[in-house]
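Q: A single structure is presented below for examination.
Numbering (this note's numbering), first residue to last: 102 to 249.
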């Protein structure tokens with residue numbers, strides 16, 4: 102009997118990073134040669150509060166296994182109170198995702214400053230490890246978006 106080859110699942114992780122802090126932290130991690138998984142796809146946004154909850158739902162619909170939102174530390178937002186709005190809005194969204202059956206571990210908010218390249222690397226590695234342990238996300242997926 103031939104052994105069926107089992108394909109290892111590489112999770113897709115979408116990271117929304119604010120331009121002023123978290124994206125700069127990712128850049129510092131890269132220039133410092135600190136590693137984080139290549140399957141983390143970074144989307145740069147002006148501020149974490151500009152991430153519409155629909156963006157996160159769309160990411161899951163299009164096959165993301167995990168979504169992380171990174172912004173400036175509370176009180177250090179370049180747009181004054183953007184991250185406070187983010188925290189409030191995402192709390193509601195995470196409750197909705199729980200209702201849909203998406204594990205709360207598949208989403209996360211982290212505050213990473215521009216000088217915290219090492220923290221960015223650690224957070225992304227930890228999040229990727231968590232998502233790998235959860236396996237493939239089957240909720241909200243649109244089969245038309247999957248590659249065969």
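Glycine is no exception: its CB is placed at the ideal position from the N, C-alpha and C atoms. Note that the structure is a prediction, hence the values are computed from the model and not measured.
Alpha helix (DSSP H) containing residue 160: first to last residue?
A: From DSSP, the alpha helix (DSSP H) with residue 160 extends over 154–162.
Q: Take the Cβ of residue 209 as the centre, count every other Cβ of all protein chains shown within 10 Å, and call the residue buried at 16 or more, exposed below.
A: Flag for residue 209 reads buried.
Q: Compare the C-beta of residue 136 against all C-beta atoms of chain C and say whether one is closer than 9 Å.
A: Given the protein chain composition of this structure (a single chain), no chain C is represented.
Q: What number of angstroms, rounded off, separates the C-alpha of residue 233 from the C-alpha of residue 211?
A: For residue 233 and residue 211, the distance between alpha carbons rounds to 19 Å.
Q: Compute the distance between the beta-carbons of residue 184 and residue 172, then report whether it is under 9 Å.
A: Taking 9 Å as the Cβ cut-off, residue 184 and residue 172 qualify as a contacting pair.
Q: For residue 202, count neighbouring Cβ atoms within 10 angstroms of its own Cβ and tell me buried if that reaches 16, exposed if not.
A: Counting Cβ neighbours within 10 Å, residue 202 comes out exposed, since fewer than 16 surround it.
Q: Here's the rule: buried if 16 or more other CB atoms are within 10 angstroms of the residue's CB, otherwise exposed. What is residue 227?
A: Counting Cβ neighbours within 10 Å, residue 227 comes out exposed, since fewer than 16 surround it.
Q: So, with DSSP's three-state summary, where would you put residue 182?
A: Residue 182 falls in the coil class under three-state DSSP.
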